[in-house]
Structures are given as C-alpha cells and as structure tokens.
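Participant: Sequential numbering of the sequence shown, starting at -10, is according to our numbering.
Cβ atoms here follow ideal geometry from the backbone N, Cα and C, with glycine treated the same way.
Before I ask anything, here is the structure I am working with.
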Amino acid sequence: MKRKIMSYDETMMMVKIVFEKGGIGTPHKHVHTQMSYVESGMFEVTIGDKKQILKKGDGYYIPSNVMHGAVCKEAGVLIDMFTPMREDFVK
C-alpha cells in the first residue's frame, strides 16, 4: 500500500492510496468523516457490520468513529477525502 497526499488544508484532505492485490486496509476508526472513490480495481469494503464489493467508479461514505477496513481483490487505487484533515498523515 502506497499513500500520497494530493491536497489539504485544516478542514479537509485528499489522499491517493495504491493497493496491490491482497493488500489490506486494517480495520480501524477515527474522528474524521471519510468519503472514498474507487479509481480502479476491486475492493471488499467493510463499514461497521456491512460488507460490500466495490469496483471502479464506486464510492462510499464513512461516518466519524465507525470501524472500517478494506481488502484489495484486484490491484487498484482509492481516493480518500477526510474532514477535518488527517494531521497524523503529515507528521
């Protein structure tokens, strides 16, 4: 998994994440709300207790403090938007 910060200010952040097949976004939660867009590939995304398969062109929303994670089923790219920005990504 490779992460690239594309743009941010104190209110929001856009991040590009490149996954190889089999890559895992370990289940976690954070105070930030998150929206993600599947630029390419296929992912099994879990949000709370809901699991779904998402492909190129799909998007999803994750509320604050909800457990979520992803498994890459076909090499691809996610574009994540966070609000507020992820200070932990720039430190």
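Between residue 62 and the rest of its own chain, which residues show a CB-CB distance below 8 angstroms, the 5 nearest in sequence each way excluded?
Facilitator: What you label residue 62 is simply residue 73 of the sequence shown in a count that begins at 1. Excluding sequence neighbours, residue 62 sits near 10, 30, 31, 32, 33, 42.
Participant: Suppose only complete runs of 4+ residues qualify. What are the alpha helix (DSSP H) ranges in the segment -5 to 79, listed by chain order?
Facilitator: Restricting attention to alpha helix (DSSP H) runs no shorter than 4 residues, the segment -5 to 79 encloses them at 76 to 79, ordered along the chain.
Participant: Report, in whole angstroms, the separation of the C-beta atoms of residue 3 and residue 68, which I expect to be a contact under 8 angstroms.
Facilitator: By 1-based counting over the sequence shown, the position of residue 3 is 14. By 1-based counting over the sequence shown, the position of residue 68 is 79. Yes, they are in contact, since the Cβ atoms of residue 3 and residue 68 sit about 7 angstroms apart, within 8 angstroms.
Participant: Is it right to say residue -8 is buried, meaning 16 or more other beta carbons lie within 10 angstroms of its own, or is it exposed?
Facilitator: Residue numbering aside, residue -8 sits at position 3 when the sequence shown is read from its first letter. So residue -8 ends up on the exposed side.
Participant: Tell me the rounded alpha-carbon separation between residue 79 and residue 6.
Facilitator: Along the sequence shown, one-based indexing puts residue 79 at 90. Along the sequence shown, one-based indexing puts residue 6 at 17. If I take the Cα positions, the gap works out to 15 angstroms.
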